[in-house]
Amino acid sequence: MKQLLFSFFFLSIFAVSSQNKVDYNQVSQNLLQSIIDGKSVENQIDILAKSSLSDLENQLKTDSQKIAFWVNVYNAFIQISLSENPELYKDKGKFFGEERIKIAGETLSFDDIEHGIIRKSRIKISLGYLRKWFVPKWERKLRVKKIDWRIHFALNCGAKSCPPVAIYTPENLDKEFNFMTTAYLKEQTSYNSETKIANSVALFSWFRGDFGGICGAKKILKKYKITSEKTKKLDFNTYDWTILLGNFRTIPE
Numbered sequence: 484m485k486q487l488l489f490s491f492f493f494l495s496i497f498a499v500s501s502q503n504k505v506d507y508n509q510v511s512q513n514l515l516q517s518i519i520d521g522k523s524v525e526n527q528i529d530i531l532a533k534s535s536l537s538d539l540e541n542q543l544k545t546d547s548q549k550i551a552f553w554v555n556v557y558n559a560f561i562q563i564s565l566s567e568n569p570e571l572y573k574d575k576g577k578f579f580g581e582e583r584i585k586i587a588g589e590t591l592s593f594d595d596i597e598h599g600i601i602r603k604s605r606i607k608i609s610l611g612y613l614r615k616w617f618v619p620k621w622e623r624k625l626r627v628k629k630i631d632w633r634i635h636f637a638l639n640c641g642a643k644s645c646p647p648v649a650i651y652t653p654e655n656l657d658k659e660f661n662f663m664t665t666a667y668l669k670e671q672t673s674y675n676s677e678t679k680i681a682n683s684v685a686l687f688s689w690f691r692g693d694f695g696g697i698c699g700a701k702k703i704l705k706k707y708k709i710t711s712e713k714t715k716k717l718d719f720n721t722y723d724w725t726i727l728l729g730n731f732r733t734i735p736e
């Protein structure tokens, strides 16, 4: 009888624990979907604010899980922050560098998420070539193992030249990233087949180390059939920092 009661008690605790488990990737997707639909985001923001470092560390194990979650969170809070106060964008250094997102027991900045977690502790102004020497514990535990250069065509910083906002899932991240990369680069790139000169996004220059240098960027343009051949010279478009919110895109299934 005692053994039966003990088993019942154990199973009850397990059931409650299972019911209360939060799917953080789903929360990040719901957060963005609520923004797109014009619905309240208070519930999702509250869940993220109450999450702990161990919660996210235990659930976001693969790079696909980490990237999908953090890109969704980044893009969502850009929309939220600038919708509430567009004046914040006047000082962009402060906007991206100020701690404002409560998550994992910390208050993170957009720079923390982009350069610390998603870009594996890269120094922001280093063209993608230098890593930080001193890294906080939370960053070491949450950051990706390998940089996926396609994140630059998924992160939306609220400006007109930014890639559109889409909802990402860990299960289909590779397909989703390829679609968004191709679509964005086709829109942002022009190519002269006679001079073999291409004009494309400034992101290729700002984060050239992530792309394998300028040579790597040229290979990407050819691989994704943005240019018909490897371009002889790559020039960069002027980045338009005019605020543009609500630039959403649906990824086909």
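Each residue of the sequence shown is one higher than the one before, counting from 484 in this note's numbering. Each residue gets a CB set at the ideal place from its N, CA and C atoms; glycine is no exception. The structure presented is a predicted model; accordingly, all values stated were derived computationally and were not measured.
- Beta-bridge annotation (DSSP): residue 614 is paired with 605.
- Taking the Cα of residue 599 as reference, the smallest distance to any Cα among 553, 569, 656 is reached at 553.
- Judged by DSSP in its simplified three-state form, residue 722 adopts coil rather than helix or strand.
- Secondary structure at residue 511: helix, using DSSP grouped into helix, strand and coil.
- Membership of residue 536 in the alpha helix (DSSP H) is indicated by the continuous run 536-542.
- A direct Cα-to-Cα measurement between residue 728 and residue 566 gives close to 8 Å.
- Put simply, the backbone Cα of residue 557 is about 8 Å away from that of residue 639.
- When C-beta atoms of the region 509-525 are compared with those of the region 590-598, fewer than three pairs fall below 8 Å, so the two segments do not count as touching.
- Excluding residues up to 5 positions away in sequence, 586 lie with their Cβ nearer than 6 Å to the Cβ of residue 531 in the same chain.
- For residue 686, no beta strand (DSSP E) segment is defined; the enclosing uninterrupted segment is the alpha helix (DSSP H) at 686-689.
- Contact check between the region 676-693 and the region 704-723: three or more CB pairs, one atom from each, fall below 8 Å, which counts as touching.
- The C-beta distance from residue 653 to residue 541 rounds to 15 Å, too long to fall under 8 Å, and the pair is not in contact.
- Non-local C-beta neighbours of residue 630 in its own chain, meaning closer than 7 Å and more than five positions away in sequence, comprise 602, 603, 693, ordered along the chain.
- For residue 533, no beta strand (DSSP E) segment is defined; the enclosing uninterrupted segment is the alpha helix (DSSP H) at 525-533.
- Each of 561, 543, 535 was checked against the Cα of residue 515, and the nearest Cα belongs to 561.
- In the three-state reduction of the DSSP assignment, residue 642 falls in the strand class.
- One thing to note: residue 697 has its Cβ no nearer than 7 Å to the Cβ of residue 668.
- Scanning the region 570-602 for uninterrupted alpha helix (DSSP H) segments of 4 residues or longer gives 575-580, listed from N- to C-terminal end.
- Going by beta carbons, residue 722 and residue 644 fall inside the 7 Å limit.
- When only Cα atoms are considered, residue 646 and residue 615 end up about 27 Å apart.
- Apart from sequence neighbours up to five positions away, the residues of its chain that approach residue 571 with a beta-carbon distance below 7 Å are 564, 565, 578, ordered along the chain.
- As the crow flies, the alpha-carbon of residue 704 is around 22 Å from that of residue 735.
- Straight across, the Cα-Cα distance linking residue 512 with residue 626 is about 19 Å.
- With respect to the 7 Å criterion, residue 590 and residue 581 are not classified as neighbours on the basis of their beta carbons.
- Residue 651 sits buried, since 16 or more C-beta atoms from the chains shown fall within 10 Å of its C-beta.
- Taken through DSSP and simplified to helix, strand or coil, residue 661 comes out as helix.
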